[in-house]
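One line per chain: the protein sequences are A and B, in this order. FYI, the numbering for the first sequence is 1 to 325, going by UniProt numbering. FYI, the numbering for the second sequence is 1 to 206, going by UniProt numbering. Cβ coordinates follow ideal geometry from the N, Cα and C atoms, glycine included. So the structure is just underneath, and the comments pick up after that.
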Amino acid sequence: MYNQSTLNSIQKAVWDGKLPLQIELAASESRTFDQTDPYLISSPRISYLPSLLPRLHAFFSSSLIDPSSSPHDGWLSFEGVPLKWHLPIGLLYDLYAGADPASKADRDASEDATEPSTDDSARGSLPWRLTVHFSDWPNEELVRLDANGMVMNDAFINSVKEADFLRNGTAKKIMSLSKEDSSGLWKAVEDVDLPSYQRISNILLPPLNQPFRNIPIRFFLPLPPDSGSPSLKIVQSPVPPSLPPSSMAASQATLSRGSPAPQTQTIGSALHSLLPNLFPSRRTPVLAKPVLHGAAVPMSAPVEELVRSCAYGDGWLYVVIQMMG
Amino acid sequence: MATPLTPPRAHSCSAFPFLSEQEFESACRFLVDRLHMLGSSPAVGCWSSTQLTRKENGPILKISRNIDINHHDEDLMGSGRPDESQLELHEDDPEALVRGSDHRARLQVNYEIILSSTYQVPVLYFTLRHDSHPGPLGLDAVYRYLVSNQHKNELQSVGVMGSISFGVGAIAHNRFMIQTELMPCSTIQNPGPPPFLSIHVILRTL
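See below:
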C-alpha cells in the first residue's frame, strides 16, 4: 500500500530526471554551414521544447543567416522529423530515440558490477542530438507558437483539463482554479518548481482515500514506416483504477467462496485489455513492453499509484510501447 | 421550405449526455444523410462539403466552408493597410479613378467533429486558413472572422482561456495537428440540449 511520502519521493525522482541534449543549428540557416558550435544542455525530462527557444536563439543569433527571426519562430527536429512541442521532452526521447529503457535488471547488474555503469553510452543515444531551425516552419506538422507563449499555455491547460475530467468525472476543479493558480501551474512546470507545482496540483487531485474515476493515460505506439499512416498511433480509452468484481467473478469462483472483491488495475491488465495482441499476458511482457520516463514499467504496477507519482506536469501518464526482440 | 433538422432523441442515448462510438456514428450519418437530402438548398449552402470518414480512432465528421473576404477585411489581417496620406490623396483628386472593392480573398474553415476519448461527447476542432497564408491562422483571426460581435465577449469570458483555445487533436489526428477547440466541459456539466444539437448550433453560430 502506498502513502504520500512514497509517492512524493518517486515524483521528486521523476522531476529530477534529465536528458543531455546536443542541439545544432540547421546547416542551411547558418553562416558557417555545419561549422556552428552546438548548444549543450542537461534538460529536465518533464520540460517542453519551447522553454529552450530563448536560450537557443540567443546562442545561435550571431550565426543566423536571417537575423530577423524571433525565438518563437524556432522548432526542433530529430533525424528530419519535426518534434511536437506540446509533448514533454522526455516523452519525445522515449518515442523517437529508440533507446533501451532502464530496467530493474539493469539496476541490479549495475549494483553488482565493480565498474561504474556505462549504460547510457552503451545505448549510443546520449547526448540526444537535435537540430534547431528558425525558418521554414513545418506548417503541416506543427502549429506556430506565439511571442507571448499563449499557444503553448493553452495546449498545456487543455491537457490538464482533460486529465482533471478523467480523474473526477467533471472538470469543475480546473475550471474553478484561480487565474493565478492556473498560470502558476504552467509556470511551475516551466521552472521545474516541484513545491509550487505540488501546492496547485493538490487542489486538483482527489485525496488518497478517494479513488480516481478514470486514469489519465495514453499509450503511444510506433508504427512501421511503410504502414501508410503517420508514424505514431495513440491509444486512449477509459481506464478505471479498479476492475469491477463482475469481470473477475469467473476466475475467482473456484478460488473463493465469498463475493469477489474489486481487483486493482495494473499497467499489465490495462494493456491486456486495450492491446490484447501485443500484450497477451497481464503479468509478463511477451512482445512489447511499456516505457515511462525512460524506464520499463513493471506490469504489476497499479495504474493509480503510477499516475499519482509519475504523471507528467499536465497530469497524464504517457506510456511508450516499445517492441521487444 | 426545408424540413428542420431533427437530431436523434436524447432518450435513445445509452448514457446521455455521453455517447458511445456507435451512437456518435449514427448521429453523424443521420446529419450527413439529411444534408444530402437538402442538396444545395440555402440551409446548407454555406458548407462546401460534408463527409463522414473513419480513421483508426473512430469516425470523423468533416465539414468545410469557404468565406470570401473583401479588401477591408484583408487590411484587418495586417496584409497592408494603406496609409492615411494615400487615402487623402485619392479623396482630394477629382480625376482619380474610383476602384471597386474587387480585391477578394478566400478563407477556408475546416471543421472536424470527433467523439472525444476523454469527454465521451462530440468535440469540435477546426482550422482557419487563408488562401495566401501558409498554415492555419491564429486565434485572433478566428475571433475576427468566425465569431459574431454579439458572441465575442461571451465566448472570451469563459474560464481562463475563453471558450475557443488551441488544443491538440491528438486522437483525431495522429499527425498531432493542433486545432482550435470549443471546450466541452461546461456542456457536459450543464447538458441542456443533446450534444449533437449543441454542435449544430455552434456551427451555425460561427
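Beta-carbon contacts of residue i that lie in its chain and below 7 Å, excluding the five residues immediately before and after
i, result
"S132 (chain B)", "A105"
"S20 (chain B)", "S14"
"V81 (chain A)", "Y96"
"D83 (chain B)", "For D83 (chain B), the predicted structure reports a pLDDT of 39, less than 50, and the residue's modelled location is therefore unreliable. The matter cannot be settled from this model."
"D120 (chain A)", "Model confidence at D120 (chain A) stands at a pLDDT of 45, short of 50, so the residue's coordinates are unreliable and nothing is read from them."
"N3 (chain A)", "none"
Endpoints, alpha helix (DSSP H) assigned at residue i
i, result
"S9 (chain A)", "4 to 16"
"S196 (chain A)", "194 to 204"
"P44 (chain A)", "Taken as a continuous stretch (DSSP letters only), P44 (chain A) belongs to no alpha helix (DSSP H), being part of the beta strand (DSSP E) at 39 to 44."
"F60 (chain A)", "53 to 60"
"H36 (chain B)", "21 to 38"
"R167 (chain A)", "150 to 168"
"V189 (chain A)", "179 to 190"
"S273 (chain A)", "267 to 274"
"A145 (chain A)", "The sequence given here has Leu at residue 145 (chain A), not Ala. Careful: L145 (chain A) lies outside any alpha helix (DSSP H) and carries neither H nor E."
Close Cβ partners of residue i (< 6 Å) along its chain, the five nearest in sequence each way excluded
i, result
"A13 (chain A)", "none"
"M323 (chain A)", "A288"
"R167 (chain A)", "F212"
"W76 (chain A)", "For the record, residue 76 (chain A) in the displayed sequence is Leu; it is not Trp. Result list for L76 (chain A): L49, L83, L130, V132, in chain order."
"I10 (chain A)", "S309"
"L275 (chain A)", "none"
"A171 (chain A)", "K161, D164, F165"
Given residue i as reference, the closest of the options once Cα atoms are compared
i, options, result
"R29 (chain B)", "B:G138, B:H151, B:L107, B:I60", "B:I60"
"G245 (chain A)", "A:S309, A:G294, A:Q265, A:V235", "Note on identity: in this sequence residue 245 (chain A) is Pro, with Gly being the wrong assignment. Comparing Cα positions, the closest option is A:Q265."
"F219 (chain A)", "A:K187, A:G74, A:L126, A:V291", "A:V291"
"T131 (chain A)", "A:Q4, A:A296, A:E29", "A:E29"
"V320 (chain A)", "A:L87, A:W75, A:Q210, A:W137", "A:L87"
"D66 (chain A)", "A:H133, A:R144, A:R283, A:V189", "A:H133"
"L204 (chain A)", "A:K84, A:A26, A:R308, A:P54", "A:R308"
"L92 (chain A)", "A:S47, A:P298, A:A27", "A:S47"
"N8 (chain A)", "A:A155, A:Y318, A:L317, A:C310", "A:C310"
"T118 (chain B)", "A:E305, A:R283, A:Q236", "A:Q236"
"W47 (chain B)", "B:H36, B:K55, B:E56", "B:H36"
"L199 (chain A)", "A:R31, A:D136, A:D181, A:F212", "First, the amino acid is wrong: residue 199 (chain A) is Arg here, not Leu. Minimum Cα distance to R199 (chain A) is reached at A:D181."
"E305 (chain A)", "A:P38, A:L56, A:P216, A:S70", "A:P216"
"G74 (chain A)", "A:A147, A:S178, A:A270, A:R282", "A:A147"
"P101 (chain A)", "A:L275, A:H293, A:T36", "A:H293"
"N202 (chain A)", "A:L177, A:N214, A:S70", "A:L177"
"W15 (chain A)", "A:E24, A:L194, A:T6, A:S42", "A:L194"
"F126 (chain B)", "B:L137, B:V109, B:L115", "B:V109"
"N57 (chain B)", "B:S26, B:L31, B:L115", "B:L115"
"P54 (chain A)", "A:T36, A:S42, A:S69", "A:S69"
"S62 (chain A)", "A:Q210, A:T36, A:L52, A:P260", "A:T36"
"I69 (chain B)", "B:L31, B:I113, B:Y145, B:R34", "B:Y145"
"S157 (chain B)", "A:P138, A:K179, A:N139, A:D136", "A:K179"
"P138 (chain A)", "B:L139, B:D140, B:G138, B:P134", "B:P134"
"A296 (chain A)", "A:S103, A:P44, A:E79", "A:S103"
"H130 (chain B)", "B:S12, B:L107, B:E112, B:S26", "B:L107"
"S5 (chain A)", "A:L208, A:P260, A:A270", "A:L208"
CB of residue i within 8 Å of CB of residue j, strictly
i, j, result
"T50 (chain B)", "I63 (chain B)", "yes"
"V192 (chain A)", "D314 (chain A)", "no"
"I157 (chain A)", "D164 (chain A)", "no"
"P262 (chain A)", "L278 (chain A)", "no"
"P50 (chain A)", "M152 (chain A)", "yes"
"W186 (chain A)", "L19 (chain A)", "no"
"residue 327 (chain A)", "P241 (chain A)", "Outside the displayed span of chain A (1 to 325) sits residue 327 (chain A), for which this structure offers no information."
"G90 (chain A)", "G169 (chain A)", "no"
"L40 (chain A)", "K84 (chain A)", "no"
"P122 (chain B)", "F16 (chain B)", "no"
"H72 (chain A)", "L145 (chain A)", "yes"
"Q150 (chain B)", "F18 (chain B)", "no"
"V147 (chain B)", "L137 (chain B)", "no"
"L124 (chain B)", "F166 (chain B)", "no"
"S43 (chain A)", "L56 (chain A)", "no"
Where the beta strand (DSSP E) containing residue i begins and where it ends
i, result
"F219 (chain A)", "217 to 222"
"G58 (chain B)", "58 to 69"
"P290 (chain A)", "288 to 292"
"P241 (chain A)", "Here P241 (chain A) belongs to no beta strand (DSSP E), and DSSP marks it neither H nor E."
"V147 (chain B)", "Where V147 (chain B) is concerned, there is no enclosing beta strand (DSSP E), given that its DSSP letter is neither H nor E."
"E304 (chain A)", "Unbroken run through E304 (chain A) is the alpha helix (DSSP H), 303 to 310; no beta strand (DSSP E)."
"Y318 (chain A)", "317 to 323"
"H130 (chain B)", "122 to 130"
Close-in-space but distant-in-sequence residues of the same chain around residue i (CB under 8 Å, 5 per side omitted)
i, result
"P280 (chain A)", "H272, V286, L287"
"L232 (chain A)", "L95, F220, L221, P222, L223"
"S196 (chain A)", "G184, K187, A188"
"I234 (chain A)", "R218, F219, F220, L221"
"R283 (chain A)", "G268, M299, S300"
"L317 (chain A)", "I215, P216, I217, R218, L292, V303, L306, V307, C310, A311"
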